[in-house]
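Enquirer:
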Amino acid sequence: MVDRLIRDDLLNWVVNYKVDGFRFDLMGHIMKATIVNAKSAIGSLRKETDGVDGSRIYLYGEGWNFGEVAENGRGINASQFNLGGTGIGSFNDRIRDATLGGSPFGHPLQQGFITGLLLQPNAHDHGSEATQELMLSTAKNHILTGMAANLKDYMLTNHEGKEVKGSEVLMHDATPVAYASLPTETINYVSAHDNETLFDIISLKVIKQI
Numbered sequence: 003m004v005d006r007l008i009r010d011d012l013l014n015w016v017v018n019y020k021v022d023g024f025r026f027d028l029m030g031h032i033m034k035a036t037i038v039n040a041k042s043a044i045g046s047l048r049k050e051t052d053g054v055d056g057s058r059i060y061l062y063g064e065g066w067n068f069g070e071v072a073e074n075g076r077g078i079n080a081s082q083f084n085l086g087g088t089g090i091g092s093f094n095d096r097i098r099d100a101t102l103g104g105s106p107f108g109h110p111l112q113q114g115f116i117t118g119l120l121l122q123p124n125a126h127d128h129g130s131e132a133t134q135e136l137m138l139s140t141a142k143n144h145i146l147t148g149m150a151a152n153l154k155d156y157m158l159t160n161h162e163g164k165e166v167k168g169s170e171v172l173m174h175d176a177t178p179v180a181y182a183s184l185p186t187e188t189i190n191y192v193s194a195h196d197n198e199t200l201f202d203i204i205s206l207k208v209i210k211q212i
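Residue 3 is where the sequence shown starts when you use this note's numbering, and the numbers rise one by one after that.
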């Protein structure tokens, strides 16, 4: 029922109101099949018969993998990794966290690539200099991967000088950074509507003398 409701509603917006893109909040809490079916239905629309070219409609959202649906707990959900190869976009939190430092759930003073990690440290304890050097190098790897559309099979040179695939660049929990098969499956960002603005979070993390 929900599958049909979402599909029919999207078709109505596309055909009758000419909406050319849809963002799904907490998309990971929707099943992958529902989103894929909706994309397929929209993609079948033709300019000659429906007044719109459905192949040009973009679907994207928050592909977070958490809560009761985490790790496909209630079926294959529309999370970042599960959406690979579908052409459906999801927000890339990896490049956000590497750029700014920390995460929405970590210490607010944790620095990142543009906020002074190692080079202009704030009062937060980031560990030894060697630890910070590794953190900064790791952040660089994540940013490079993101700039290559977070593609799983894209080859890049990591901070150790090794040629690796995007899927071989790892997060702190050994989860691959890259999850996309197509560039359209990644939406890079460093600030969106949640939490502090970009100006606020940078002001919070950088040293006060700036």
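We put the beta carbon where it would ideally sit given N, CA and C, even for glycine.
What you are looking at is a predicted structure, and each value in this text was computed from that prediction instead of being measured.
Leaving out five residues on either side along the sequence, give the residues of the same chain with a beta carbon under 6 Å from the beta carbon of Thr147.
Expert: Excluding residues within five positions, the ones whose Cβ falls inside 6 Å are Gly168, Val171, Val179 and Ala180.
Enquirer: By a C-beta neighbour count over all protein chains shown, 10 Å radius and 16 as the cutoff for buried, is Leu138 buried or exposed?
Expert: Buried, because 16 or more other Cβ atoms sit within 10 Å of the Cβ of Leu138.
Enquirer: Going by the CB atoms, is the gap between Ile90 and Tyr62 shorter than 9 Å?
Expert: Result yes, Cβ atoms of Tyr62 and Ile90 sit closer than 9 Å.
Enquirer: Between the alpha carbons of Leu2 and Ile8, how many angstroms are there, rounded?
Expert: Only positions 3 to 212 of the chain appear in the structure, and residue 2 is not among them; the question remains open.
Enquirer: If we count Cβ pairs, one from each stretch, closer than 8 Å, do we get three or more for the region 195-207 versus the region 153-166?
Expert: Contact fails: fewer than three Cβ-Cβ distances are below 8 Å.
Enquirer: Near Asn143, what residues of its chain come up, given a Cβ to Cβ distance below 7 Å and the 5 sequence neighbours on each side ignored?
Expert: Only Asn160, His161 and Val171 meet the Cβ criterion.
Enquirer: CA-CA distance, Phe68 and Ala132?
Expert: If I take the Cα positions, the gap works out to 32 Å.
Enquirer: Compute the distance between the beta-carbons of Leu206 and Pro106, then report whether it is under 9 Å.
Expert: Taking 9 Å as the Cβ cut-off, Leu206 and Pro106 do not qualify as a contacting pair.
Enquirer: If you follow the alpha helix (DSSP H) that Ile145 is part of, which residue opens it and which one closes it?
Expert: It spans Glu131 to Met149 - the alpha helix (DSSP H) in which Ile145 sits, taken as one unbroken run.
Enquirer: Kindly indicate the opening and closing residues of the beta strand (DSSP E) around Ile189.
Expert: Unbroken beta strand (DSSP E) run through Ile189: Thr188 to Asn190.
Enquirer: Taking 9 Å as the threshold (C-beta atoms), are Gly75 and Val17 in contact?
Expert: Cβ atoms of Val17 and Gly75: not closer than 9 Å.
Enquirer: When you compare only the Cα positions, how much space is there between Tyr19 and Gly86?
Expert: Their Cα atoms are separated by approximately 29 Å.
Enquirer: Note down the Cα distance separating Ile97 from Asp202, rounded to an integer number of angstroms.
Expert: Answer to the nearest angstrom: the Cα atoms are 18 Å apart.
Enquirer: Taking the C-alpha atoms as reference points, what is the distance between Asp11 and Arg48?
Expert: Those two C-alpha atoms are separated by around 18 Å.
Enquirer: May I have the straight-line CA-CA distance separating Leu102 from Ala141, to the nearest angstrom?
Expert: Cα to Cα, the separation comes out at about 9 Å.
Enquirer: What would DSSP say about Val166, mapped onto helix, strand or coil?
Expert: Looking at Val166 - three-state DSSP - the assignment turns out to be strand.
Enquirer: Mind checking whether Trp66 and Gly30 have CB atoms under 9 Å apart?
Expert: For Trp66 and Gly30, yes; Cβs fall inside 9 Å.
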